[in-house]
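Our numbering applies: residue 257 is where the sequence shown begins, and numbers increase by one.
Don't be surprised by glycine CBs; every beta carbon is placed ideally from N, CA and C.
Encoded as structure tokens, the structure appears first; notes follow it.
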Amino acid sequence: VQLQASGGGLVQAGGSLRLSCAVSGRDITINIMAWYRQAPGKQRELVALITRGGSTNYADSVKGRFTISRDITKNAVYLQMSSLNAEDTAVYYCNAQPAFGPANYWGQGTQVTVSS
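In structure tokens:
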């Protein structure tokens, strides 16, 4: 199972970016898909998650600015990020948790840099 994240880049403060992540490989039912981020010198933190049923949860720091969505048919998850600020600068990782079993899959990370 592989997760391929894309969409990161350099953006000015106040701008927007859309991250995408697709799951490929073994046919697998994904329960939760999520985005995490890790800034330099900081621990990896949960940004947002979405369940198979469409329930979402966001970190307080991104509520109202970021929107997570998914396409179950494509086993893909997206993160629309708006009103970006310097504190959003980090490597963003997508995560997929299967419906069965203890496995936990991670993408390779995509860099988001917000210039002030």
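With respect to Q364, R274 sits apart: the two C-beta atoms are not nearer than 8 Å.
S262 and I328 have their alpha carbons spaced roughly 18 Å apart.
A distance of 8 Å or more separates the beta carbons of A278 and N360. Here G271 has L340 as same chain residues with Cβ atoms under 7 Å from its own Cβ, once five neighbours each way along the sequence are excluded.
Shown here, A304 sits in a strand according to DSSP, grouped into three states. For the pair L305 and T312, the CB atoms are nearer than the 8 Å cut-off. Under the criterion of beta carbons closer than 8 Å, Q294 and A346 qualify as touching, at roughly 6 Å.
Counting along the chain, no beta strand (DSSP E) covers N360, and no H or E run does either. When the five nearest sequence neighbours on each side are left out, the beta carbons in the same chain lying within less than 7 Å of the beta carbon of A352 are those of L259, V279, I286, M289, Y361, in order along the chain.
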